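Engineer: Take a look at the following structure, please.
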Amino acid sequence: MRTVLIPLFPVLLILGLVSCGGPDREVNVLASSTGQGTAPASPALTPDETEALRFAIEDTVALRVEAGTVRSGQSLSHLLSPAGVSAQLLHAMATEERGVFDVRRMKAGNDWSLFSGPDGSPRHFTYTINSKEYVVFDLREGGGARRGEFPSETRRGYVEGEVRGSLYQVLEDEGHSTTLALAMSQVYAWTIDFSRIQAGDRFRILYDRDWVDGKAVGMPRVLAAEFVHRGRNFPAYAYDQGDGTDHFDETGASLRKAFLKAPVEFSRISSRFDKKRFHPVLKKVKAHLGTDYAAPHGTPIVAVGDGVVIKASYTKGNGKYVKIRHNGTYTTQYLHMSRRNVKEGQAVRQGDVIGYVGSTGLATGPHVCFRFWKNGQQVDHLREEFPPSTPIESDHENRFAEAVTSWREEMARFDGRSEVQMAAQSP
Ligand SMILES: [Zn+2]
Numbered sequence: 023m024r025t026v027l028i029p030l031f032p033v034l035l036i037l038g039l040v041s042c043g044g045p046d047r048e049v050n051v052l053a054s055s056t057g058q059g060t061a062p063a064s065p066a067l068t069p070d071e072t073e074a075l076r077f078a079i080e081d082t083v084a085l086r087v088e089a090g091t092v093r094s095g096q097s098l099s100h101l102l103s104p105a106g107v108s109a110q111l112l113h114a115m116a117t118e119e120r121g122v123f124d125v126r127r128m129k130a131g132n133d134w135s136l137f138s139g140p141d142g143s144p145r146h147f148t149y150t151i152n153s154k155e156y157v158v159f160d161l162r163e164g165g166g167a168r169r170g171e172f173p174s175e176t177r178r179g180y181v182e183g184e185v186r187g188s189l190y191q192v193l194e195d196e197g198h199s200t201t202l203a204l205a206m207s208q209v210y211a212w213t214i215d216f217s218r219i220q221a222g223d224r225f226r227i228l229y230d231r232d233w234v235d236g237k238a239v240g241m242p243r244v245l246a247a248e249f250v251h252r253g254r255n256f257p258a259y260a261y262d263q264g265d266g267t268d269h270f271d272e273t274g275a276s277l278r279k280a281f282l283k284a285p286v287e288f289s290r291i292s293s294r295f296d297k298k299r300f301h302p303v304l305k306k307v308k309a310h311l312g313t314d315y316a317a318p319h320g321t322p323i324v325a326v327g328d329g330v331v332i333k334a335s336y337t338k339g340n341g342k343y344v345k346i347r348h349n350g351t352y353t354t355q356y357l358h359m360s361r362r363n364v365k366e367g368q369a370v371r372q373g374d375v376i377g378y379v380g381s382t383g384l385a386t387g388p389h390v391c392f393r394f395w396k397n398g399q400q401v402d403h404l405r406e407e408f409p410p411s412t413p414i415e416s417d418h419e420n421r422f423a424e425a426v427t428s429w430r431e432e433m434a435r436f437d438g439r440s441e442v443q444m445a446a447q448s449p
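Be aware that the sequence shown starts at 23, since it is given in the working numbering, and climbs by one per residue.
Structure follows, in structure tokens:
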């Protein structure tokens, strides 16, 4: 057993996750190389030559390298003037090569190196833009600059585990898992409220991660995941249908879900969100912090988005009502039900029937009073803008289904369990 501590976006809570599949198995199944394709340094090379090879620098003379880290306030001229680079060349680097790299964007803390010839003349300057990319300026006659990528490889990783107990402090730094948790919280931002995950929730994650020089770099890319939250499975599958990778559930619905426009079908809006409404029952001006949808008694009321039922209760004013927390930002409430169909603590998915239209509480006729909170403030949901959410399009359905099958098979190979077991828990 191994403890993996993950802070979760966006509230940066620290939850203890216990991996039950042994340590993360990060294997080199799809090793794909990027970058300049430089072969691994052979032991016969000198350190200077190895360094030149890292940046794919070729020269006719033996090179000596001097390397350092950009310090706060240091500019290109601070670094290169003492080495004898002319003001004219510095100017050319800053202007003519701006399209390749704008030297004003050099950041403190990033690495640089200067390669000189046997006579001490500066010949190449490198600046490491980020863990994957660098730029090389040719300081010789004719000059020029080019960008490159360090040779990297992609390794596939798999982790499964169970959320255990309450929150506790970070006991050890698990950098690897921290970014994976962040990647997961982004995938599930609209689906699972990670600030409310609870003991017993389980997860399986298949991901790719880039490695440069034996170090994991950048964010892991979640290829497929299953998160069983409060007994309900929320799968996520990566797929690109031409406009970038997005995550979808098993039906091809985007996980970046917009909310449904209304909690009841075939309804009409009988009263809008209005801070100065004359209340028909109370006979006085009272803010109406919701939208009323009139529909026949018994019409199903659905959850407008994925979430967890935080209230399924009754008050004299609200009648029978349900309140759902969707994520750290949004909460919705549905009033005057004739009957509730969910229990507190239950996870729901968008479109699930959570109750039926009625007129319990302060209501003149059968309707749902739909209330919408954004960051704790009641707002008019009809005026809110939500992220676009495109489902898998029909011409991608077959390829998406194949991708889902292969991700599921791959996860099953990793954990050795029947993937049907997990799949059976999806609704
Ligand atoms: Zn209302």
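Ideal Cβ placement from N, Cα and C applies to all residues, glycine included. Since this is a predicted model, take the numbers as computed values, not measurements.
If we call anything under 9 Å between Cβ atoms a contact, is V107 one with P144?
Structural biologist: yes
Engineer: Quick check on the DSSP output: the beta strand (DSSP E) that includes H319 runs from which residue to which?
Structural biologist: It is not in any beta strand (DSSP E) - H319 carries neither H nor E in the DSSP assignment.
Engineer: Per the DSSP calculation, D124 is bridged to which residue(s)?
Structural biologist: Under the DSSP definition of a beta bridge, D124 lacks any partner.
Engineer: Quick check on A434: does DSSP put it in helix, strand or coil?
Structural biologist: Here A434 sits in helix by DSSP.
Engineer: Smallest Cα separation from A167: which of V122, T273, A275?
Structural biologist: It is V122.
Engineer: Give me the Cα-Cα distance between K283 and V158, rounded to the nearest whole angstrom.
Structural biologist: Spanning the two alpha carbons is a distance of roughly 52 Å.
Engineer: Going along the chain, which residues of its own chain have a beta-carbon closer than 6 Å to the beta-carbon of E88, five neighbours each way excluded?
Structural biologist: L136
Engineer: Using a Cβ-Cβ cut-off of 9 Å, state whether K308 counts as contacting chain D.
Structural biologist: Among the chains of the structure shown, chain D does not appear; only one protein chain is present.
Engineer: Under a criterion of Cβ closer than 6 Å to any non-hydrogen atom of ligand 1, which residues qualify, in chain order?
Structural biologist: Those satisfying the condition are, in chain order, S293, H310, G312, D314, C391.
Engineer: At the level of alpha carbons, what is the spacing between P140 and T68?
Structural biologist: 15 Å
Engineer: By a C-beta neighbour count over all protein chains shown, 10 Å radius and 16 as the cutoff for buried, is S416 buried or exposed?
Structural biologist: exposed
Engineer: Pull up the distance between the alpha-carbon of Q355 and that of L245, whole angstroms please.
Structural biologist: 34 Å
Engineer: Indicate whether Y378 and T313 have their beta-carbon atoms separated by less than 9 Å.
Structural biologist: no
Engineer: Of the residues D160, D223, W212, Q263, which one's Cα is nearest the Cα of G11?
Structural biologist: Because the chain in this structure spans residues 23 to 449, residue 11 falls outside the shown range and cannot be described.
Engineer: Are the beta-carbon atoms of S174 and V125 separated by less than 9 Å?
Structural biologist: No, the pair does not count as a contact, with Cβ atoms beyond the cut-off.
Engineer: Give me the Cα-Cα distance between T386 and H358, rounded to the nearest whole angstrom.
Structural biologist: 10 Å
Engineer: Provide the residue span of the alpha helix (DSSP H) that contains R76, from first to last.
Structural biologist: 69–76
Engineer: Taking the CB atoms as reference points, tell me whether L384 and F295 lie closer together than 9 Å.
Structural biologist: In this structure, L384 sits away from F295, with a CB-CB distance that is not shorter than 9 Å.
Engineer: For D328 versus A369, is the C-beta distance shorter than 9 Å?
Structural biologist: yes
Engineer: DSSP three-state label for T150, please.
Structural biologist: strand
Engineer: Please return the same chain residues whose Cβ sits closer than 7 Å to the Cβ of E432, not counting the five positions on each side in sequence.
Structural biologist: Cβ neighbours of E432 beyond the five flanking positions: L228.
Engineer: Just reading off the beta strand (DSSP E) that L102 is part of, what are its end residues?
Structural biologist: No beta strand (DSSP E) holds L102; the alpha helix (DSSP H) holding it covers 98–102.
Engineer: Pull the bridge partners of V107 from the DSSP assignment, please.
Structural biologist: Per DSSP, none; premise fails for V107.
Engineer: In whole angstroms, what is the alpha-carbon distance linking N50 and K154?
Structural biologist: Unreliable positioning characterises N50 in this predicted model, as indicated by a pLDDT of 32, which lies under 50. A coordinate reading is not provided.
Engineer: One question on the structure: do V185 and A247 come within less than 9 Å of each other, judged by their Cβ atoms?
Structural biologist: It is not a contact, given that the beta carbons lie outside the stated cut-off.
Engineer: Leaving out five residues before and five after M241 in sequence, what residues of the same chain have Cβ atoms less than 6 Å from its Cβ?
Structural biologist: T201, A205
Engineer: Could you name the residues that DSSP lists as bridge partners for L404?
Structural biologist: Answer by DSSP bridge pairing: none, since L404 is not bridged.
Engineer: Count the other CB atoms, across all protein chains shown, that sit within 10 Å of the CB of H269; report buried if there are 16 or more and exposed otherwise.
Structural biologist: buried
Engineer: Please name the residue, chosen from G367, E118, A325, that lies closest to K333 on a Cα-to-Cα basis.
Structural biologist: G367
Engineer: What does DSSP give as the partner residues of V379 in its beta bridges?
Structural biologist: M359
Engineer: Whole-angstrom Cβ separation of V286 and A317, contact assumed at under 8 Å?
Structural biologist: 5 Å
Engineer: Using beta-carbon positions only, say whether Q263 and T427 come within less than 9 Å of one another.
Structural biologist: no
Engineer: What does DSSP give as the partner residues of Q220 in its beta bridges?
Structural biologist: Looking at the DSSP assignment, Q220 forms no beta bridge with any residue, so it has no partner.
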